[in-house]
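What follows is one structure encoded as structure tokens, with my remarks underneath.
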Amino acid sequence: MKIFNTMTGRKEDFIPIAKDKTGIYACGVTVYDYCHIGHARSAVVFDVIKRYLKHKGLAVKYVRNFTDIDDKIIRRAHEEGVSWDAVAKKYIDEYYVDMDKLGVGRADVEPKATDHIPEMIGVISTLVEKGYAYEVAEGDNKSVYFSVEKFPEYGKLSKKDLKDLLSGARVDVDERKKNPMDFALWKASKEGEPWWESPWGKGRPGWHIECTAMAIKHLGESIDIHGGGADLIFPHHENEIAQSEAYTGKFFARYWVHNGFITIDKEKMSKSLGNFFTIREILEKYDPEVIRLFILSSHYRSPIEFSNEQLRDAESSLDRYYSTLDRIQEFLSHSLDIAQAKAKKASAQTAGELEAALDKFNDRFEEAMDDDFNTAMALGNVFELVREINRFLDSKPCGDTSKLLVERAKDTLHTASSILNLFNRTPEQWNTDLLTSKRIPLTKADIEQKIKDRQSARQDKDWALADSVRKELEEKGILLEDKKDGTGWKVKIV
RNA sequence: GGCGACGUACCCAAGUGGCUAAGGGAGAGGUCUGCAAAACCUCGAUUCAGCGGUUCGAAUCCGCUCGUCGCCUCCA
């Protein structure tokens with residue numbers, strides 16, 4: 001299995017530190033607002049990575065943190081007139097609401113920064129003792145900064161040179177720092193801010209130190225995979241490396257994995273540009289699975305352009321998948337009727353082709369996923385198999401051998417689905433859920449009643465009446481499908 | 001200014017040295033159907049931003065040009 005490592009800029013063979021098990025640390029979110037689709041991408045990508053590694057037989061310990069103390073949280077609390085921890089709690093709860101819908105599983109450990117203050121203080125104290133960090137008095141309290149010049153490898157992840165950073169620096173020169181690139185490990189408390197007791201008086205942790213303390217506590221001093229959005233490469237991950245490796249004297253993470261951005265009109269979606277969509281805004285119009293498929297339809301490192309067209313494409317793909325699943329179920333649930341069995345045998349050719357496709361599928365799926373988690377390719381394979389299955393079902397198959405073959409196809413799809421955590425509903429659920437997400441003013445019972453009405457019209461050969469029912473439903477977004485033993489319905493994808 | 005990424009059909013998107021350049025959506029034609037829908041079949045890039053070079057062979061490697069974007073400040 002190969003993973004692209006930001007540190008080396010290359011795909012590398014994945015070899016975990018310990019045999020048969022692996023640890024992943026992914027930087028989560030700062031909880032001061034609702035999550036946008038960019039947060040969703042990161043969460044979904046690492047969710048799939050975790051699931052795939054488990055599928056490969058590794059015991060995975062996945063750690064994803066919440067940053068629950070930070071300037072933005074404090075500011076938000078002031079704006080809303082509530083306590084900072086109430087803000088954090090609220091948005092952690094909202095995070096779960098969104099992510100649960102998107103099929104993002106819980107991490108094995110979900111540490112919060114404020115639960116690890118003693119650990120952070122421990123790391124910072126050691127860094128001061130070792131001479132990597134220095135204290136600066138601010139009133140009665142002190143701040144602590146990391147001295148980047150003491151860590152010669154500073155810049156190795158983001159490929160930056162300290163000299164270049166300084167010449168191009170847009171940061172305000174801070175008199176208290178020895179070097180403008182030095183960053184805060186511990187911030188002296190200001191009036192009205194939350195604080196904790198420390199060897200430096202009252203204060204609170206800097207942003208980067210929490211990940212060092214929590215990753216080391218929960219995964220050890222050297223970990224296999226550390227990841228997050230590409231915007232964390234600098235300075236966040238660079239700083240984590242500096243402080244962690246200075247602290248332990250060992251390498252911090254073997255593979256650095258970063259997901260690409262979501263763009264709007266080719267521009268990075270970001271809070272400051274205001275060009276972002278929250279997950280729940282999108283969920284007003286689309287089923288959550290649409291978002292998940294949209295994300296996984298591109299390689300995780302590529303930028304994805306966000307648009308309604310893209311979401312509609314993903315929706316159509318899902319509908320295609322569930323339609324096939326429906327055909328599979330229908331085929332399997334019908335007992336074989338003798339007349340049909342006598343009629344003609346399933347084309348041996350299509351059966352052979354489906355069998356061949358199934359034989360190849362698992363290997364091809366894993367090959368794609370083994371190649372730096374290429375979910376776009378893996379999904380391409382899924383839809384190729386879907387077409388093969390449809391072809392086979394079109395050939396009017398019958399007999400136990402056919403059933404076994406279709407059973408096998410169903411199982412094969414199911415295995416792939418569970419790794420991606422997609423396509424897990426029944427076609428019925430998919431369609432009833434679409435009634436809600438598409439805001440169709442009909443219930444399942446309404447539709448079934450209409451189908452009955454139309455059925456009696458059809459029995460009377462009153463085609464005009466039957467067609468008017470079809471038309472009426474279609475105008476509301478419901479398509480009817482006549483099959484040999486009844487009429488089914490589905491939500492029209494426009 | 002420094003560093004980096006990307007440019008594949010109408011749209012999205014795989015493919016990074018060699019079998020017919022995956023897959024999805026849209027489109028055209030056909031099969032099926034009371035009419036439909038779904039599904040399937042056929043068609044659709046002699047070509048991978050442009051120009052040079054390396055090679056028996058390149059979308060894939062190298063160079064240049066053009067274009068787009070990102071990081072260098074909080075950011076998934």
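Using this note's numbering, you'd call the opening residue of the first sequence number 1 and step up by one each time. Using N, Cα and C, we set each Cβ at its ideal position, and we do this for glycine too.
Mind checking who residue i pairs with in its DSSP beta bridge?
i      : result
Ala506 : The chain is shown from 1 up to 494; residue 506 falls before or after that span and cannot be answered.
Pro235 : In the DSSP output, where bridge partners are listed per residue, Pro235 has none listed.
Lys56  : DSSP output for Lys56 lists no bridge partner at all.
Arg187 : The sequence as given places Lys at residue 187; Arg does not occur at that position. According to DSSP, Lys187 bridges with Arg204.
Ile264 : Glu267
Thr401 : According to DSSP, which records beta bridges pairwise, Thr401 is partnered with nothing at all.
Asn5   : Arg10
Among the residues of its own chain, which have a CB less than 6 Å from the CB of residue i, if the five just before and after it don't count?
i      : result
Ile121 : Ser198
Met1   : Phe14 and Asp370
Ala343 : Low confidence applies to Ala343: its pLDDT is 46, below 50, so where it sits in the model is not reliable enough to give any reading.
Arg391 : Thr350
Ile124 : Val144, Leu185 and Trp186
Hey, could you find the ends of the alpha helix (DSSP H) residue i is sitting in?
i      : result
Asp85  : Trp84 to Lys101
Gly227 : Here Gly227 belongs to no alpha helix (DSSP H); instead the beta strand (DSSP E) covers Ile223 to Gly229.
Gly380 : Thr375 to Asp394
Gly352 : Ala348 to Asp370
Gly488 : No alpha helix (DSSP H) contains Gly488, which is instead part of the beta strand (DSSP E) from Gly486 to Val491.
Ile451 : Lys444 to Gln459
Leu435 : Pro427 to Ser437
Thr126 : Ile117 to Glu129
Asn308 : Asn308 to Ser333
Glu289 : Pro288 to Leu296
Leu422 : Note, Leu422: premise wrong, no alpha helix (DSSP H); not H, not E.
Ile69  : Per DSSP, Ile69 belongs to no alpha helix (DSSP H) and is neither H nor E.
His218 : Ile209 to Leu219
Whole-angstrom Cβ separation of residue i and residue j, contact assumed at under 8 Å?
i      : j      : result
Val31  : Phe66  : 6 Å
Phe294 : Leu283 : The Cβ separation is near 12 Å, so there is no contact.
Ser402 : Ala351 : 7 Å
Ile291 : Leu102 : 6 Å
Val355 : Leu405 : Per the sequence shown, the amino acid found at residue 355 is Glu instead of Val. Right, the Cβ-Cβ distance comes to about 6 Å (below 8 Å), so this counts as a contact.
Ala107 : Tyr62  : 5 Å
Gln243 : Phe146 : 6 Å
Ile447 : Leu473 : 7 Å
In the DSSP assignment, find the unbroken beta strand (DSSP E) run with residue i in it and report its ends.
i      : result
Arg10  : Arg10 to Asp13
Val572 : Residue 572 is absent from the structure shown; the chain starts at 1 and stops at 494.
Lys21  : Lys21 to Thr30
Leu479 : Ile478 to Lys483
Note down, in chain order, each residue of its chain lying with its Cβ closer than 8 Å to the Cβ of residue i, except the 5 sequence neighbours on either side.
i      : result
Ala339 : Low per-residue confidence applies at Ala339: pLDDT is 46, beneath 50, and the placement is therefore not dependable, though the value from the model is reported in the following sentence. None.
Asp161 : Gly155
Gly203 : Asn141, Lys142, Ser143, Trp186, Lys187, Ala188, Ser189, Trp195 and Trp196
Thr487 : Ile451, Arg454, Gln455, Leu480 and Glu481
Among the residues of its own chain, which have a CB less than 7 Å from the CB of residue i, if the five just before and after it don't count?
i      : result
Ile493 : Glu315, Ser316 and Asp319
Glu210 : Asn65, Thr67, Ala113, His116 and Met120
Lys250 : Glu221 and Ser222
Thr278 : Tyr34, Cys35 and His36
**Request:** Specify whether the segment 223-243 and the segment 152-162 touch according to this definition: at least 3 beta carbon pairs, one from each stretch, less than 8 Å apart.
**Result:** By the criterion of at least three beta-carbon pairs nearer than 8 Å, the segment 223-243 is in contact with the segment 152-162.
**Item:** Contact the segment 350-364 vs the segment 323-337: 3+ CB pairs below 8 Å
**Value:** Taking 8 Å as the limit for Cβ pairs, the verdict is that the segment 323-337 does not touch the segment 350-364.
**Request:** Answer yes if the segment 87-94 comes into contact with the segment 122-139, meaning at least three C-beta pairs across the two stretches below 8 Å, and no otherwise.
**Result:** Fewer than three pairs of CB atoms, one per stretch, sit closer than 8 Å, so the segment 122-139 makes no contact with the segment 87-94.
**Prompt:** Does the segment 189-197 touch the segment 36-56, meaning 3 or more C-beta pairs lie closer than 8 Å?
**Reply:** Contact between the segment 36-56 and the segment 189-197 is absent, because fewer than three Cβ pairs lie under 8 Å.
**Message:** Taking 8 Å as the cut-off, does the segment 259-269 touch the segment 295-304 (at least 3 CB pairs, one atom from each stretch)?
**Reply:** With the rule of 3 Cβ pairs closer than 8 Å, the segment 295-304 counts as touching the segment 259-269.
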